[in-house]
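The opening residue of the sequence shown carries number 61 in this note's numbering; numbering runs sequentially from there.
Where is the CB? At the ideal position from N, CA and C, for every residue including glycine.
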Amino acid sequence: MATRANALRLTAVLITCALTAGCGLFDSSSDNVAADVERTNLRIGVLPVVDVAPLRIALTEKLFEKAGLQVTLVPQSNEADSIKQLDTQLDLTWATHVSLFRAVAEGTELQLQGEAYQAGPNSMALVTSAASDYDDPAKKPAPTIAVNNETDIGALTTRAVLDTAGVEKQRIKFKTMPFGEMEQALTSGTVDAAFMIEPFITKAQRKIGAKIVTDTARGPTLDFPMSGYASSKKFADQNPKTLKLFRDVLRQAQQAAANNKLGVQDSLTGYADVDQPTAALVSVGVFPLGLNPIRLQRVADMMDTEDVLSGRLDVQQLLPPGTNNS
61 MATRANALRL TAVLITCALT AGCGLFDSSS DNVAADVERT NLRIGVLPVV DVAPLRIALT
121 EKLFEKAGLQ VTLVPQSNEA DSIKQLDTQL DLTWATHVSL FRAVAEGTEL QLQGEAYQAG
181 PNSMALVTSA ASDYDDPAKK PAPTIAVNNE TDIGALTTRA VLDTAGVEKQ RIKFKTMPFG
241 EMEQALTSGT VDAAFMIEPF ITKAQRKIGA KIVTDTARGP TLDFPMSGYA SSKKFADQNP
301 KTLKLFRDVL RQAQQAAANN KLGVQDSLTG YADVDQPTAA LVSVGVFPLG LNPIRLQRVA
361 DMMDTEDVLS GRLDVQQLLP PGTNNS
């Protein structure tokens with residue numbers, strides 16, 4: 061009888077839990093998910109590029125909110141400034157891996173929190189005007205190329221691809237300007253070509269009839285890891301559980317984006333200054349699901365080879381403890 065009585069008491073407890081949601085046994089609310097983290101709000105610096113579409117999708121689908129995190133995306137004008145704002149106006153920021161690794165080499169203590177984007181066909185390219193005869197990367201022995209930063213991913217991958225085509229790297233002339241000014245530079249003939257990423261490539265194609273000279277994700281830069289998210293090392297040390305939760309939700313968001321190319325393209329109309337017809341033509345690359353030290357080391361090693369870094373950078377030292385290949 062005692063056993064039967066105990067069973068009846070347990071049944072009553074379970075029924076009460078189910079009816080009142082007052083018991084943690086079945087409770088999967090966002091409050092409990094985030095109850096153990098150091099903080100529940102994050103400010104993330106972003107630029108209007110395809111790379112950050114998963115974050116936009118995550119906000120729309122309330123993935124962060126369901127996990128108990130309040131995320132604010134803070135628009136930035138350039139990566140260098142956003143990295144400098146870590147620990148003041150920003151908690152994390154998006155940037156190209158090249159920018160992040162260069163900042164580390166210059167003394168900024170960072171920890172990588174996720175990969176954002178990996179190059180796919182025509183997701184980054186050298187683009188020229190409709191009237192240009194520059195239709196092959198080997199055609200001009202000393203081209204003038206517009207880049208948004210002479211020490212960022214554009215110059216790095218342009219040198220690698222043109223070198224493969226037989227163009228001497230020291231003869232390439234780079235002209236620095238924002239992506240938004242490159243269309244005018246192409247039509248005026250100020251530059252022979254411009255390194256662009258999406259959605260700027262498709263916008264230039266539709267607006268000025270721009271043509272792709274060459275995909276810059278080919279040969280030595282095929283499937284090139286383009287960008288990611290980072291926090292300061294100080295913030296990471298103080299908020300490891302919060303950032304672990306961020307990485308978990310980011311993985312969900314990256315998976316959602318990978319499974320829904322149309323959703324990625326549609327999201328661009330809300331933040332990247334493109335209309336629906338343009339968004340539908342944007343080339344979408346790859347959204348990695350985790351931090352892969354081997355993949356990321358490839359970027360650092362190329363930067364070392366191209367003298368963007370003064371020595372070899374060990375990327376594993378920039379990853380959260382326990383990070384393995386993903």
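Using DSSP bridges, identify the partner residues of residue i.
i: residue 104; result: 133 and 152
i: residue 289; result: 154 and 174
i: residue 308; result: Paired residue(s): none; residue 308 is not in a bridge.
i: residue 206; result: 235 and 254
i: residue 272; result: 187
i: residue 346; result: 178
i: residue 146; result: 150
Determine the burial state of residue i: buried for a count of at least 16 other Cβ atoms within 10 Å of its Cβ, exposed for fewer.
i: residue 372; result: exposed
i: residue 132; result: exposed
i: residue 238; result: exposed
i: residue 79; result: With a pLDDT of 38 at residue 79, under the threshold of 50, the modelled position of this residue cannot be trusted, and the question is left open.
i: residue 370; result: exposed
i: residue 226; result: exposed
i: residue 321; result: exposed
i: residue 197; result: buried
i: residue 203; result: buried
Please name the residue, chosen from the options, that lies closest to residue i on a Cα-to-Cα basis.
i: residue 224; options: 283, 207 and 278; result: 278
i: residue 199; options: 344, 338 and 228; result: 228
i: residue 153; options: 246, 176, 245 and 166; result: 176
i: residue 381; options: 191, 360, 351 and 105; result: 351
i: residue 158; options: 383, 384 and 367; result: 367
i: residue 358; options: 283, 264 and 297; result: 283
i: residue 123; options: 311, 332 and 354; result: 311
i: residue 259; options: 243, 339 and 180; result: 339
i: residue 234; options: 301, 354, 328 and 207; result: 207
i: residue 147; options: 102, 210 and 243; result: 102
i: residue 192; options: 248, 314, 160 and 266; result: 248
i: residue 99; options: 313, 297, 329 and 328; result: 297
i: residue 136; options: 160, 121, 107 and 149; result: 107
i: residue 115; options: 301, 313, 336 and 196; result: 313
i: residue 236; options: 230, 246, 294 and 210; result: 210
i: residue 97; options: 326, 299 and 149; result: 299
Is the separation between the beta-carbon of residue i and that of residue j shorter than 8 Å?
i: residue 250; j: residue 342; result: no
i: residue 317; j: residue 113; result: yes
i: residue 173; j: residue 346; result: no
i: residue 268; j: residue 190; result: yes
i: residue 194; j: residue 275; result: no
i: residue 334; j: residue 110; result: no
i: residue 286; j: residue 184; result: yes
i: residue 182; j: residue 272; result: yes
i: residue 155; j: residue 270; result: no
i: residue 151; j: residue 104; result: yes
i: residue 309; j: residue 127; result: yes
i: residue 353; j: residue 383; result: yes
i: residue 280; j: residue 332; result: no
i: residue 301; j: residue 169; result: no
Segment contact, 8 Å Cβ cut-off, at least three pairs: the stretch 372 to 381 with the stretch 131 to 145: no
The stretch 204 to 215 contacting the stretch 297 to 309, beta-carbon criterion three pairs below 8 Å: no
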